[in-house]
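A.B. asks: Oh and the sequence shown: position 132 is 131 in numbering that gives the first Met the number 0, straight run, nothing missing.
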Amino acid sequence: MAVKDLMREPLKEFSAYMAGGIQVQPVEGKELVKLNANEMQMGPSPKAIEAMADELKRGYLYPMETVGVLKKKIAEYVGKPVSNITVFNGSGAGIQAIAEAFINPDDEVLICSPTYMAYYRLAPRFGGKLVEVEADDGVSTDLDKLAAAITDKTKLIFICNPNNPTGTILCPNKLEEFINNLPPHVMCVIDEAYIEWVSIPDYPSGIKFVEDGKNVIVLRTFSKIFGMAGIRVGYAVTNNEITEALASIAGTFGTNRIGAVGAAAALEDKEFFEAAYKNNTEQREYLTKEMEKLGITVVPSNTSFIYFAPHCDTRKCMDILESEGVFIRYFSEEYIRVSIGLPHQNQLFLNALKKALEELKSACA
């Protein structure tokens, strides 16, 4: 009997999720420009690096007190009590913990496509059913369609705001109306992995919905603006009752000692945070303008990436980019996505993109 035959039934047809798409390989004579996984190219804060390096000598100790300090720092950062905070090994672990805690067989998990790929795998993993709706424009999150799709079996709704992979954001008033009208048997997860990149002044977080009586979980991460994707620290902000439920799944410690110390230090480095935000905002505007000059359709973004339609064969376009050492992310025959990097990386991307469009212009529509 094969080991696969011994697995739980919902997992037998699963394959491993590969973040960032393909594993990139260096191209001889070319600088590797890895813009396919929304990694923050400035890296972690110098203060975070220093704190983590110092903490290594205490790596033999369990992380209880460091995680406790991190929870306090996060609570101050988001303006909620520590009792509303759960820390995970990355927000991806938070997504899985939520699914494990709440999805029963035949429960429905509701999403609006296209959105973060990890959500699509949750329902079948636990014997539930995935229900998809799609906005008419193919890139936005349609709250009206989500609301209309809710049934007695709906258990979880996952909303990514700003949305990955499209970079779109929700109207705050529409989101508030949607949350206020949710039936009590439905839990809404608002994934705000990219919220710190939003350039709209005073754009509200879903954290304001976290109060007793509202089944809302807001997910955040240190992987994006804090540049700690490889360290794996994420967290949930939710009411006390849901926090207690997640504690039964999240594990004894939540994250490792080194990551907890680094994340706490990152929250203190306001100067680095502002520098990362400035680079991303300026480079996003620059790339958008330059790509539109090339006749590309760019979906307006409030994230650290740009979702775009080059109006040519997207696979062939990416092949040419990769031959130049530039790696971005494929999504469909119409859309591909580039992460925003440092200025020189973005320029290498633009140079390679211009070359690709020139070579493919006869096939471009």
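From the three backbone atoms N, C-alpha and C, an ideal C-beta is built for every residue, glycine too. Treat the numbers as computed from the prediction; the structure is a model and nothing was measured.
What residue from SER338, ALA98 and PRO182 has the CA that sits closest to ILE248's CA?
C.D. replies: Measuring from the Cα of ILE248, the nearest candidate turns out to be ALA98.
A.B. asks: Grouping DSSP H, G and I as helix and E and B as strand, with all else coil, what is TYR202?
C.D. replies: Looking at TYR202 - three-state DSSP - the assignment turns out to be coil, as it is neither helix nor strand.
A.B. asks: What is the C-beta distance between GLY205 and VAL217, in whole angstroms, given that I count them as a contact (C-beta under 8 Å)?
C.D. replies: Their Cβ separation, rounded to whole angstroms, is 5 Å, which keeps GLY205 and VAL217 in contact under 8 Å.
A.B. asks: Hey, VAL298 and VAL138 are a contact pair by Cβ (cut 8 Å); roughly how many whole angstroms apart?
C.D. replies: Yes, they are in contact, since the Cβ atoms of VAL298 and VAL138 sit about 5 Å apart, within 8 Å.
A.B. asks: What do you reckon, are the CB atoms on PRO43 and PHE225 nearer than 8 Å?
C.D. replies: Cβ atoms of PRO43 and PHE225: closer than 8 Å.
A.B. asks: What do you get for MET317, buried or exposed, if any count of 16 or more other CB atoms within 10 angstroms of its CB means buried?
C.D. replies: Buried.
A.B. asks: Nearest to ARG231 by CA position, among GLY324, THR85, GLY91 and MET0, is which residue?
C.D. replies: When each option's Cα is compared against that of ARG231, the closest is GLY91.
A.B. asks: Any idea if ARG328 is buried or exposed, counting beta-carbon neighbours within 10 angstroms, 16 or more meaning buried?
C.D. replies: ARG328 should be labelled buried.
A.B. asks: Select from PRO62, GLU38, ARG7 and PRO171 the residue whose C-alpha is nearest the C-alpha of SER222.
C.D. replies: It is GLU38 whose Cα lies nearest to the Cα of SER222.
A.B. asks: Checking 8 Å against the spacing of the C-beta atoms, do GLU125 and MET186 come in under that value?
C.D. replies: The sequence as given places Phe at residue 125; Glu does not occur at that position. No; because the gap between Cβ atoms is not below 8 Å, this pair is not in contact.
A.B. asks: For THR140, count neighbouring Cβ atoms within 10 angstroms of its own Cβ and tell me buried if that reaches 16, exposed if not.
C.D. replies: Result: buried.
A.B. asks: So, are the CB atoms of GLY89 and VAL108 less than 8 Å apart?
C.D. replies: No. Outside cutoff.
A.B. asks: Contact between the region 234 to 241 and the region 155 to 166 is defined here as three or more beta-carbon pairs at a separation below 8 Å; is this criterion met?
C.D. replies: No, the region 234 to 241 does not touch the region 155 to 166.
A.B. asks: According to DSSP, is MET290 helix, strand or coil?
C.D. replies: MET290: helix per DSSP, three-state reduction.
A.B. asks: Would GLU332 be called buried (16 or more neighbouring beta carbons within 10 Å of its own) or exposed?
C.D. replies: That one is exposed.
A.B. asks: Determine, using beta carbons only, whether MET51 and GLY261 come nearer to each other than 8 Å.
C.D. replies: In this structure, GLY261 lies closer than 8 Å to MET51 by Cβ.
A.B. asks: Using 8 Å for Cβ pairs, my map puts MET367 next to ALA47. What's the rounded Cβ distance?
C.D. replies: Residue 367 lies beyond the residue range present for the chain, which begins at 0 and ends at 364; the question has no answer from this structure.
A.B. asks: I'd like to know if the region 57 to 68 and the region 348 to 362 are in contact, where contact means that at least 3 CB-CB pairs between them fall below 8 Å.
C.D. replies: Short answer: they don't touch.
A.B. asks: Leaving out five residues before and five after LYS173 in sequence, what residues of the same chain have Cβ atoms less than 7 Å from its Cβ?
C.D. replies: LEU142, listed in sequence order.
A.B. asks: State the Cα-Cα distance for the pair VAL68 and ALA263, rounded to the nearest angstrom.
C.D. replies: Their backbone Cα atoms lie some 7 Å apart in a straight line.
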